[in-house]
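J.:
Number of protein chains: 2
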Amino acid sequence: MSDGTDAEDDGATRDATGVRPPPERSLARDGQLALLLEVTGTPKPGNVDRAHDHDDLRFEHFVTGAVGALPGLRLAAGSDGERDGDDRANVGNAFERAVAGMSQQAGGNTQFGALLAVVPLVRAAADGDLSPAGVEAVATATTVEDAADFYRAFEHVDVAVEDPPDGMEPLDVRRGAAAVPALRERGLTLFDVMERSADRDGLAREWVGGFERSFHAADRLRDTEGPVPDRAARVFLELLADEPDTFVAVNHGEATAERVTAQAADALDGERDPWALADELVAEGVNPGTTADLVAAGLFVALRRGLEL
Amino acid sequence: MSDGTDAEDDGATRDATGVRPPPERSLARDGQLALLLEVTGTPKPGNVDRAHDHDDLRFEHFVTGAVGALPGLRLAAGSDGERDGDDRANVGNAFERAVAGMSQQAGGNTQFGALLAVVPLVRAAADGDLSPAGVEAVATATTVEDAADFYRAFEHVDVAVEDPPDGMEPLDVRRGAAAVPALRERGLTLFDVMERSADRDGLAREWVGGFERSFHAADRLRDTEGPVPDRAARVFLELLADEPDTFVAVNHGEATAERVTAQAADALDGERDPWALADELVAEGVNPGTTADLVAAGLFVALRRGLEL
């Protein structure tokens, strides 16, 4: 750190000619890069990507969301080489700040789900263990306060979710901060909240299952070839062909989600043109957003494991 | 700032329900957003953009470059609301760090010129005067040390430049850090260096002329309508139709630069399809990079002046 005046640098050591090595890629910026690369991959049928917009939700909203999310990602990373980093926050707190920053654009919810997956992974990496066990440790260590901040994050942006199961109405996430007293009363941690949604929500399932599909996506991103956005599009199709997207299920029903999964499998087998499928799904308003969130999570892990651009 | 443990947030005040307002858009992140929006605007004939790649220089390299540039942009901004910000650096130093971070991708030089324009504008904004006079004050206050770091920036990436004029060979920027002793001997500041290139280089001309075209671009970006990337593409054409691109002149000669300017004017008048022109110029390897840099600079200024996404 400098003394507050003009003459200091970022601490990198100069060689004899005064040249310094480039700054390291920080955890927070790799999280941001994962969000940006996710939306760059095309075609990711149904979703906004480099070649597709929805009417009121466009590519630039995702770009702006990724830029806005950075302060929250930094809170997840804590000390990550860019500064002294004495501003590490709880996971729920970091997530809420990331969502608040992401929400500062007119497109609405761009990366709520992606951040819900990436933030705990950033924290696991900051703790030195970016593995299923490491992120499971992050998830199970969450407290009621993390859950409270998770609920507060819903104040910043409208997120499509299912109705809560019987008896869980006071904890409907759409109530936002108003649900916090009920949360405290029941003593539910963020992990507990995720556990209660795991049967219906693909991201909650990641939270309670060591982020299995996110790590699988990371492996596939590293194993496939070609430009990273093309790999992201390929892995998106693979994930979608593998399991129905829960965001599609929430918005359009299980049958539609299963149909889209079959269509993705056809696209993967070459029996259907993925570009045509993208046009169809965009026209229909069907966007497999949870699958895209898993690709973002996979990109973050892959970047930390050496995926190069 | 927190006490280094887990429980603190970023200082935003909570309301009665514990909800905090979103983090403000920082200067450094607006600089980053400007770089990202510049490359998102399409068609910007000849350049990489949302719909165009070159063979080895692709959209994702620009995205990665913008993410990598952030630490340098933060050094330009100093205290900008995200942290205590005691890490303000000299303009040359901030620029060199931004270029070093930008260079960490396989595409090569993505945003050297854009950063050369955006970094002093970030500093002018940090000094509270984002105006032609404010950035002129930043430019004229530069020292020999700023010039030395500018030369060191060329160590990180290959930049296409013209041969130096007679007597200036020891100060050829392509010598990088090796030219620093000659720079010191002659006592040249970064402003002096820019002054000597202003007749041949559109960015040096901005540096010595109060960033006139950058501010003009900002006005146009705010005055036009529609999604911001569409505005960026429109303003790119306007700037290109107005003056030959000096980067094209360096790489392909004055005649080509003038021809491209005439083609841009035709595209603006509706006498030529800008998408077809983009395909032609990409095939020809002609990229009006300096004009794109001015659009990035204009985007930064426009964002600070209220351009919304």
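Protein sequences, first through last, are from chains F and L. Heads up, the first sequence is in the numbering used here, so the first residue is 1 and it goes up one at a time. Heads up, the second sequence is in the numbering used here, so the first residue is 310 and it goes up one at a time. From the three backbone atoms N, C-alpha and C, an ideal C-beta is built for every residue, glycine too.
Measure how close the beta-carbons of A117(F) and A296(F) come, nearest whole angstrom, since I'm counting them as under 8 Å.
T.: Residue 117(F) sits at position 117 when you count from the first residue of the first sequence. Residue 296(F) sits at position 296 when you count from the first residue of the first sequence. Correct: roughly 7 Å between the Cβ atoms.
J.: Could you give the DSSP three-state label for D602(L): helix, strand or coil?
T.: Here residue 602(L) is taken as the residue at index 293 of the second sequence, counted from 1. DSSP places D602(L) in helix when its eight states are reduced to three.
J.: Using CA atoms only, rank isn't needed, just tell me which of F545(L), R406(L), L346(L) is closest to T13(F).
T.: In the first sequence, the residue the question calls residue 13(F) occupies position 13. Of the listed residues, the one whose Cα sits closest to T13(F) is R406(L).
J.: Is the separation between the beta-carbon of M503(L) and that of V517(L) shorter than 8 Å?
T.: Numbered from 1 along the second sequence, position 194 holds the residue referred to as residue 503(L). Numbered from 1 along the second sequence, position 208 holds the residue referred to as residue 517(L). Yes, the Cβ-Cβ distance between M503(L) and V517(L) is below 8 Å.
J.: Which residues in chain F have a C-beta closer than 9 Å to the C-beta of R334(L)? List them in chain order.
T.: Numbered from its first residue, the second sequence carries residue 334(L) at position 25. Neighbours of R334(L) on chain F, chain order: V67, G68, G101, Q104.
J.: Which residue marks the beginning of the alpha helix (DSSP H) containing L277(F), and which one marks its end?
T.: Taking the first sequence and counting its residues from 1, the one referred to as residue 277(F) is at position 277. Its alpha helix (DSSP H) spans residues 274 to 284.
J.: What runs of the alpha helix (DSSP H), each 4 residues or longer, lie entirely inside the segment 414 to 486 of chain L?
T.: Qualifying alpha helix (DSSP H) stretches, in chain order: 421 to 435, 441 to 449, 453 to 462.
J.: Between A16(F) and the rest of its own chain, which residues show a CB-CB distance below 6 Å, the 5 nearest in sequence each way excluded?
T.: Your numbering for residue 16(F) matches position 16 in the first sequence. Contacts found: none.
J.: Note down, in chain order, every chain F residue with its Cβ under 9 Å from the Cβ of T326(L).
T.: Looking up residue 326(L) in the second sequence gives position 17. Simply R152, E155, G176, A177, A178, V180.
J.: D266(F) lies in the alpha helix (DSSP H); which residues open and close that run?
T.: To locate residue 266(F), count along the first sequence from 1; it is residue 266. Looking at the DSSP string, the run of the alpha helix (DSSP H) that includes D266(F) is 254 to 268.
J.: Are the Cβ atoms of L75(F) and G101(F) separated by less than 8 Å?
T.: Taking the first sequence and counting its residues from 1, the one referred to as residue 75(F) is at position 75. Taking the first sequence and counting its residues from 1, the one referred to as residue 101(F) is at position 101. Cβ atoms of L75(F) and G101(F): not closer than 8 Å.
J.: With a 10 Å radius around its C-beta and 16 neighbouring C-beta atoms as the bar for buried, classify D554(L) as buried or exposed.
T.: Numbered from 1 along the second sequence, position 245 holds the residue referred to as residue 554(L). D554(L) should be labelled buried.
J.: Strictly below 8 Å CB to CB, what residues from chain L border V228(F)?
T.: For the purposes of this step, residue 228(F) is taken as the residue at position 228 of the first sequence. Ordered by position in chain L, the residues that pass the 8 Å Cβ test against V228(F) are E369.
J.: Return the Cβ separation of A457(L) and L424(L) in integer angstroms, given the expectation that the two are a contact with Cβ distance under 8 Å.
T.: In the second sequence, counting from the first residue as 1, residue 457(L) sits at position 148. In the second sequence, counting from the first residue as 1, residue 424(L) sits at position 115. So it is not a contact: roughly 17 Å between Cβ atoms.
J.: Cβ of G134(F) within 8 Å of Cβ of Q105(F)?
T.: If you number the first sequence from 1, residue 134(F) lands on position 134. If you number the first sequence from 1, residue 105(F) lands on position 105. Taking 8 Å as the Cβ cut-off, G134(F) and Q105(F) do not qualify as a contacting pair.
J.: My output table needs one value for D554(L): the three-state DSSP class, helix, strand or coil.
T.: On the second sequence, residue 554(L) is found 245 positions in, with the first residue counted as 1. Here D554(L) sits in coil by DSSP.
J.: Could you tell me which residues DSSP pairs with D358(L) in its beta bridges?
T.: Translated into positions along the second sequence, residue 358(L) becomes position 49. Paired residue(s): H361(L).
J.: Helix, strand or coil for T17(F) per DSSP?
T.: Translated into positions along the first sequence, residue 17(F) becomes position 17. Reduced to three states, the DSSP call for T17(F) is coil.
J.: When the cut-off is 8 Å and only beta carbons count, does Q341(L) lie next to chain F?
T.: Your numbering for residue 341(L) matches position 32 in the second sequence. It does: the Cβ of Q341(L) has a partner Cβ on chain F nearer than 8 Å.
J.: Report the CB separation of A257(F) from A265(F) in whole angstroms; it is logged as a contact under 8 Å.
T.: Stepping through the first sequence from its first residue, residue 257(F) is reached at position 257. Stepping through the first sequence from its first residue, residue 265(F) is reached at position 265. Actually they are not in contact, since the Cβ atoms of A257(F) and A265(F) sit about 13 Å apart, beyond 8 Å.
J.: Among the candidates F459(L), E454(L), R432(L), whose CA atom is the shortest distance from the CA of A446(L)?
T.: For this step, residue 446(L) is matched to residue 137 along the second sequence. Checked all of F459(L), E454(L), R432(L); the closest Cα to A446(L) is R432(L).
J.: Under a Cβ-count criterion, where at least 16 other Cβ atoms within 10 Å of its own Cβ denotes burial, should D578(L) be classed as buried or exposed?
T.: Taking the second sequence and counting its residues from 1, the one referred to as residue 578(L) is at position 269. It counts as exposed.
J.: Measuring alpha carbon to alpha carbon, tell me which of R272(F), L36(F), G18(F), R175(F) ends up nearest A241(F).
T.: The residue labelled residue 241(F) in the question sits at position 241 within the first sequence. The shortest Cα separation from A241(F) among R272(F), L36(F), G18(F), R175(F) belongs to R272(F).
J.: Could you name the residues of the same chain whose beta carbon sits closer than 8 Å to that of A267(F), not counting the 5 residues immediately before and after it, in chain order?
T.: If you number the first sequence from 1, residue 267(F) lands on position 267. Excluding residues within five positions, the ones whose Cβ falls inside 8 Å are P45, L237, A241, D273, P274, L277.
J.: Would you identify the three-state DSSP class for P331(L), choosing helix, strand or coil?
T.: Your numbering for residue 331(L) matches position 22 in the second sequence. P331(L): coil per DSSP, three-state reduction.
J.: Should A302(F) and G41(F) be called a contact, given that it needs their Cβ atoms to be closer than 8 Å?
T.: Residue numbering aside, residue 302(F) sits at position 302 when the first sequence is read from its first letter. Residue numbering aside, residue 41(F) sits at position 41 when the first sequence is read from its first letter. No, the Cβ-Cβ distance between A302(F) and G41(F) is not below 8 Å.
J.: Hey, how far is the Cα of R543(L) from the Cα of D508(L)?
T.: The sequence position of residue 543(L) within the second sequence is 234, counting from 1. The sequence position of residue 508(L) within the second sequence is 199, counting from 1. The alpha-carbon atoms of R543(L) and D508(L) are separated by roughly 26 Å.
J.: At the level of alpha carbons, what is the spacing between E494(L) and M477(L)?
T.: The count along the second sequence starts at 1 and reaches residue 494(L) at position 185. The count along the second sequence starts at 1 and reaches residue 477(L) at position 168. Looking at the two C-alpha atoms, the distance is approximately 13 Å.
J.: Could one say the Cβ of E308(F) lies closer than 8 Å to chain L's Cβ atoms, at least one of them?
T.: Residue numbering aside, residue 308(F) sits at position 308 when the first sequence is read from its first letter. Yes, its Cβ sits closer than 8 Å to a Cβ of chain L.
J.: By Cβ distance below 8 Å, which residues in the same chain neighbour P352(L) in space, the five residues on each side in sequence not counted?
T.: Looking up residue 352(L) in the second sequence gives position 43. Excluding residues within five positions, the ones whose Cβ falls inside 8 Å are D358, A360, H361, A542, P583, W584, L586, A587.
J.: Give the C-beta separation of L346(L) and V63(F) to the nearest angstrom, bearing in mind that I take them to be a contact with Cβ-Cβ under 8 Å.
T.: Taking the first residue of the second sequence as position 1, residue 346(L) is located at position 37. Taking the first residue of the first sequence as position 1, residue 63(F) is located at position 63. About 7 Å; that satisfies the 8 Å criterion.
J.: Who are the near neighbours of P22(F) in its chain, counting only those whose CB is closer than 7 Å to its CB and skipping five residues on each side?
T.: Position 22 of the first sequence, counted from the start, is the residue given in the question as residue 22(F). Excluding positions up to five away in sequence, the list is empty.
J.: Taking Cβ positions only, does L345(L) come closer than 8 Å to chain F?
T.: Counting from one through the second sequence, the residue named residue 345(L) turns up at place 36. With 8 Å as the cut-off, L345(L) counts as an interface residue toward chain F.
J.: Below 8 Å between beta carbons: does that hold for T599(L) and L512(L)?
T.: Translated into positions along the second sequence, residue 599(L) becomes position 290. Translated into positions along the second sequence, residue 512(L) becomes position 203. Against a cut-off of 8 Å, the Cβ pair of L512(L) and T599(L) comes out as a contact.
J.: Pick from V67(F), V19(F), A262(F): whose alpha carbon is nearest that of G379(F)?
T.: Shown here, chain F extends from 1 to 309; a query on residue 379(F) therefore has no answer.
J.: In angstroms with no decimal places, state the Cα-to-Cα distance between G253(F) and D87(F).
T.: Indexing the first sequence from 1 puts residue 253(F) at position 253. Indexing the first sequence from 1 puts residue 87(F) at position 87. The straight-line gap from Cα to Cα measures roughly 42 Å.
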